[in-house]
Amino acid sequence: MGLMTGKRGIIFGVANDMSIAWGAAQQLKEAGATLAFTYLNEALEKRVRPLAESLGSDLILPCDVGRDEDIEAVFAKVKEVWGDIDFVVHSVAFANKDDLKRPFSETSREGFKLAMDISAYSLVAVTRYAVPLMNNGGSVVTLTYLGATRAVPNYNVMGVAKAALEASVRYLAAELGEKKIRVNAVSAGPIKTLAASGVGGLREKLKLMDQYAPLRRAVDQQDVGKSVVYMVSDLSSGVTGEVHFVDGGFSTVVPA
Numbered sequence: 293m294g295l296m297t298g299k300r301g302i303i304f305g306v307a308n309d310m311s312i313a314w315g316a317a318q319q320l321k322e323a324g325a326t327l328a329f330t331y332l333n334e335a336l337e338k339r340v341r342p343l344a345e346s347l348g349s350d351l352i353l354p355c356d357v358g359r360d361e362d363i364e365a366v367f368a369k370v371k372e373v374w375g376d377i378d379f380v381v382h383s384v385a386f387a388n389k390d391d392l393k394r395p396f397s398e399t400s401r402e403g404f405k406l407a408m409d410i411s412a413y414s415l416v417a418v419t420r421y422a423v424p425l426m427n428n429g430g431s432v433v434t435l436t437y438l439g440a441t442r443a444v445p446n447y448n449v450m451g452v453a454k455a456a457l458e459a460s461v462r463y464l465a466a467e468l469g470e471k472k473i474r475v476n477a478v479s480a481g482p483i484k485t486l487a488a489s490g491v492g493g494l495r496e497k498l499k500l501m502d503q504y505a506p507l508r509r510a511v512d513q514q515d516v517g518k519s520v521v522y523m524v525s526d527l528s529s530g531v532t533g534e535v536h537f538v539d540g541g542f543s544t545v546v547p548a
């Protein structure tokens, strides 16, 4: 019997086997959870489906989190098959590469809207449709980054979107606590992922981790996945509205 045996949940955000969401999925499965997955489009389905099936999942559904009708369809299908869920892992973020490359003051209006919609508002939308399926309480966990609270070079509009995401976590937690639904964020350090490749200076950030983090190393997808398991399990039954850092301790000693 694993920590998550008998628990069912949906993973949003797996793009490939380097995704943080994939590390979370692996750890959740190892703990005994039953998982459903979403994918953005046909190209990503070719990557996501084999991964999901390798963990025994047969609920693998299309979803563009920028479309409410897609999110609604995912939860409708999950309700039809499972009836209810225990947790959601939201690991979704996006910003135009051009808006990450140019100075923050030159962020385009449309690019700002897009980053906020996909990276922050999508948590609100996903949670709205998840709540009716959490009949016995539940847990929603999203992924954030230090750039939400500090100005990180090259992170730009994504940092602002992550700040909005973290604020959304607090408001959702305050609203849903009476329904026994907890909402938290896990703040991962820099990790080599498809999404991170769009942010300049990743190699330098990883070097800083090796130099300054108390653990003297960058964390990986499995490190983050273990913290996600904690956040969605009964081990964190008294934790909500929090940002849990998994960055080797870097955020405690980050150089000025």
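Every number in the numbering used here is 292 more than the matching position in the sequence shown, counting from 1. Cβ coordinates follow ideal geometry from the N, Cα and C atoms, glycine included. Keep in mind that this is a model prediction, so the values were computed, not measured.
| task | Taking only heavy atoms of the ligand GTP into account, decide whether any of them is closer than 8 angstroms to the Cβ of Val423. | result | Absent from the structure shown: the ligand GTP. Ligands present: none.
| task | Answer yes or no: do Pro328 and Ser349 have a C-beta to C-beta separation smaller than 9 angstroms? | result | Reading off the sequence shown, one finds Ala at residue 328, where the question assumed Pro. Against a cut-off of 9 angstroms, the Cβ pair of Ser349 and Ala328 comes out as a contact.
| query | Can you tell me where the alpha helix (DSSP H) with Ala480 in it begins and where it stops? | reply | Run containing Ala480: none in the alpha helix (DSSP H); it sits in the beta strand (DSSP E), 473-480.
| task | Give the DSSP bridge partners of Thr330, in chain order. | result | DSSP lists Leu353 as partners of Thr330.
| Three or more beta-carbon pairs under 8 angstroms between the stretch 524-531 and the stretch 294-308, yes or no? | yes
| query | If you draw a straight line from the alpha carbon of Met408 to that of Gln319, how long is it in whole angstroms? | reply | If you take the alpha carbons of Met408 and Gln319, they lie about 29 angstroms apart.
| message | Report the CB separation of Ser431 from Phe396 in whole angstroms; it is logged as a contact under 8 angstroms. | response | 33 angstroms between Cβ atoms; not a contact.
| said: Taking 9 angstroms as the threshold (C-beta atoms), are Tyr447 and Leu392 in contact? | reply: yes
| Spatially closest choice to Phe386 from Lys371, Gly305, Val340, by CA coordinates | Looking at the Cα atoms, Gly305 is the closest of the given residues.
| field | Enclosing beta strand (DSSP E) for Arg359 [first to last residue] | value | Per DSSP, Arg359 belongs to no beta strand (DSSP E) and is neither H nor E.
| Continuous beta strand (DSSP E) stretch holding Gly430: start and end | 430-436 is the extent of the beta strand (DSSP E) around Gly430.
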